[in-house]
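The sequence shown runs 1 to 486 under the UniProt record's numbering.
Beta carbons: idealized from backbone N, C-alpha and C, even for Gly.
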Amino acid sequence: MTHSSVLGGSMVNPTPYGTALLVYLLPESGNGVDITHMDPFCSWHRPYLMVIEQTIQKHAIAIATQFTVDKEAWQKVAVDLRQPYWDWTANSLPPDVVIRDEHVTITDFKGQKVQVVNPLIRYRFKSTLPFHTPFEKWHTTLRHPDATGKEKIDELVRILENAQTQIRDDTVALLSWIHDWAQFSNHTDDDNSITNSLEAIHDYIHVEVGGEGHMADTGVAAFDPIFFLHHCNVDRLFSLWAAMKPGKGVTTGKNDQGGTFTLAPLVPLDENTDLSPFWDSQNTFWCSKNIFNTQTFRYTYPDFVNVNQDDHVATKAAAERVTSGYVDRYFAKSIFTVQPDAKKLWNWTVRIRTKKFELGRSFSMLIFLGNVPAETSVWRMCSSFVGVHHVFTNSAAGRCANCQANADMIHEGFIHMNRHLCVTLPEAVTFDPRVVEPYLTEKLHWRTIDICSSSPFCVWLVFVVLVIDYVLSRLADVRSMLTCLR
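Next up, the structure:
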């Protein structure tokens with residue numbers, strides 16, 4: 001992936017995998033690397049992934065030398081090895097080797113086929129680590145565990161399958177509508193936001209995969225092997241957006257009240273901000289301006305193979321082809337119909353704003369159009385369910401200085417409703433406010449749920465129904481139609 005140094009390591013001698021994971025754990029004990037979820041969210045994760053890929057490749061090269069048959073071929077494969085990604089926009093359900101297969105068949109050093117424990121299913125901790133509850137009692141990473149630590153894989157599969165529509169809706173909207181870095185990269189309380197940022201979509205995947213397990217908690221998520229398959233796709237979407245928006249770089253924002261170990265609280269963040277702790281030399285850190293193009297690290301994605309990366313027109317066209325492919329899947333069996341003489345199409349979206357650390361751990365907000373069942377276990381399968389927004393945070397907030405310093409931080413997310421309105425209100429046609437607004441006034445409901453206990457609770461929350469007015473396929477206006485404060 002790169003020839004450059006990060007965390008004091010290089011492609012020849014990269015920093016250990018465990019140290020890279022520690023970067024995600026540091027915020028819990030004080031002024032850690034909370035830049036991971038601040039304004040340079042996308043660009044900070046690029047060198048972070050680079051560290052992991054360097055480490056994997058280092059070990060692959062060492063392993064390849066131990067083969068007694070086809071050694072040269074294995075050594076070449078090791079040098080060519082790159083971090084894989086899981087394109088959850090195309091398919092929200094990963095292959096069985098990632099979520100089901102307890103064992104995999106590999107070729108041993110003598111060329112024989114043998115079965116081994118699947119390293120992609122879970123990570124087994126080598127010793128007891130000082131995690132917070134409930135993670136301190138589990139010896140492996142878990143996805144959707146019950147109280148005894150048994151994984152509910154069928155539940156995981158069902159949730160991921162049902163998540164496909166919302167994931168695709170959000171990704172298509174992000175790549176198609178958003179032209180501003182701040183709205184693209186991070187959660188924001190900007191009044192001009194109209195859809196989920198890449199960070200918000202990233203959070204959604206974390207919680208969908210984790211349930212009550214590791215992936216749903218920022219303090220331990222990076223131990224799950226699927227973490228890096230997920231984050232590599234986040235980096236890929238960053239590359240696609242950047243290719244379609246040439247010249248759009250990191251804009252100025254502010255560090256949070258807690259600061260980091262290299263940045264003071266509330267200082268401006270921009271394209272020159274240090275992406276600590278990742279070094280580009282012995283004396284300086286990487287910054288967003290220098291890593292916006294993946295060519296800096298000598299890698300690319302299949303979407304740009306055989307495309308001249310210096311040709312902005314060609315790279316933009318390549319990225320647009322990918323987005324068009326998502327749209328084709330999105331509308332292939334569409335139930336949307338617009339009358340030929342219609343001049344406007346209205347898009348209805350719920351904007352959610354809540355305090356990120358209100359509960360002290362990750363939680364979810366669900367939107368319904370119609371009756372809400374009393375039993376929480378069926379909420380996401382009922383006909384009135386529209387979508388869910390997850391707040392992805394640290395469940396050890398009481399031990400996290402940054403979390404406490406930012407107790408009133410506002411977290412924003414969006415849930416698009418048109419697809420559901422097609423089913424529940426077919427007479428809406430173009431979703432005209434004169435038809436939709438009275439319906440939403442009567443039918444729109446919301447619930448909040450604690451991810452760790454699946455129990456509903458009360459939370460400080462503002463949600464606004466946005467109406468996005470398309471005139472001849474152009475984004476023309478955003479207005480607030482309904483506002484609910486509780």
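| Item | Value |
| --- | --- |
| Are at least three pairs of beta-carbons, each pair with one atom in the segment 184-201 and one in the segment 108-117, less than 8 Å apart? | no |
| Which residues in the same chain have their Cβ closer than 8 Å to the Cβ of Leu81, if we skip the five residues on either side of it in sequence? | Ile56, Gln57 and Ala60 |
| Quick check on the burial criterion: 16 or more other C-beta atoms within 10 angstroms. Buried or exposed for Ala319? | buried |
| Taking 8 Å as the threshold, find out whether the segment 141-148 comes into contact with the segment 273-291 through three or more Cβ pairs. | no |
| Among Arg361, Pro95, Ile194 and Tyr123, whose alpha-carbon lies nearest the alpha-carbon of Ile415? | Ile194 |
| Look up Phe363 in the DSSP assignment and give the residues it is bridged to. | Val391 and Asp450 |
| Which of the three DSSP states, helix, strand or coil, is assigned to Thr300? | coil |
| Would you call the segment 410-424 and the segment 343-353 in contact, with 3 or more CB pairs under 8 Å? | yes |
| Can you have a look at Asp408 and say buried or exposed, based on whether 16 or more other CB atoms are within 10 angstroms of its CB? | exposed |
| Taking three-plus beta-carbon pairs below 8 Å as touching, is the segment 45-55 in contact with the segment 225-235? | yes |
| With burial defined as no fewer than 16 other Cβ atoms inside 10 Å of the residue's Cβ, what is the status of Pro277: buried or exposed? | buried |
| Take His420 and list the residues in its own chain whose beta-carbon comes closer than 7 Å to its own, dropping the five residues that flank it on each side. | Leu369 and Val386 |
| Determine the burial state of Ile153: buried for a count of at least 16 other Cβ atoms within 10 Å of its Cβ, exposed for fewer. | exposed |
| Could you pull the start and end residues of the beta strand (DSSP E) that Lys113 belongs to? | Lys113 to Val117 |
| Can you round the beta-carbon distance between Glu208 and Leu269 to whole angstroms, since I take them to be within the 8 Å contact cut? | The pair is not a contact, with the Cβ atoms about 29 Å apart (cut-off 8 Å). |
| How about Val423 and Leu440: do their beta carbons lie closer than 8 Å? | no |
| Anyone know if the C-beta pair for Ile178 and Val98 falls short of 8 Å? | no |
| For Thr300, collect the residues of the same chain with a Cβ closer than 6 Å to its Cβ; drop the 5 residues on either side in sequence, then sort them by chain order. | Thr294 |
| Given that a residue counts as buried once 16 or more other Cβ atoms are within 10 Å of its Cβ, and exposed if not, what is Leu129? | exposed |
| My understanding is that Phe392 touches Asp203, with C-beta atoms under 8 Å, so please give their C-beta distance in whole angstroms. | 4 Å |
| Near Ala64, which residues of its chain fall below 8 Å by C-beta distance, leaving aside the five closest residues on each side in sequence? | Lys71, Trp74, Gln75, Val77 and Ala78 |
| Taking the alpha-carbon positions, what's the Arg124 to Asn91 distance? | 27 Å |
| Within the same chain, show all residues whose beta-carbon is closer than 6 Å to that of Val114, passing over the 5 residues directly before and after it, in chain order. | Asp108 |
| Taking the Cβ atom as the reference point for each residue, do His231 and Ala216 lie within a distance shorter than 8 Å? | no |
| Can you check DSSP and say which residues form a bridge with Asp274? | Cys287 |
| Report yes if the CB atom of Phe41 is closer than 8 Å to the CB atom of Glu199, and no otherwise. | yes |
| Let's see if you can read the secondary structure: which residues bound the beta strand (DSSP E) around Phe414? | Ile410 to His416 |
| For Asn196, count neighbouring Cβ atoms within 10 angstroms of its own Cβ and tell me buried if that reaches 16, exposed if not. | buried |
| What did DSSP end up calling Phe223 once you bin it into helix, strand or coil? | helix |
| Who are the near neighbours of Leu174 in its chain, counting only those whose CB is closer than 8 Å to its CB and skipping five residues on each side? | Phe184, Thr195, Asn196, Ser197, Leu198, Ile201, Leu237 and Trp241 |
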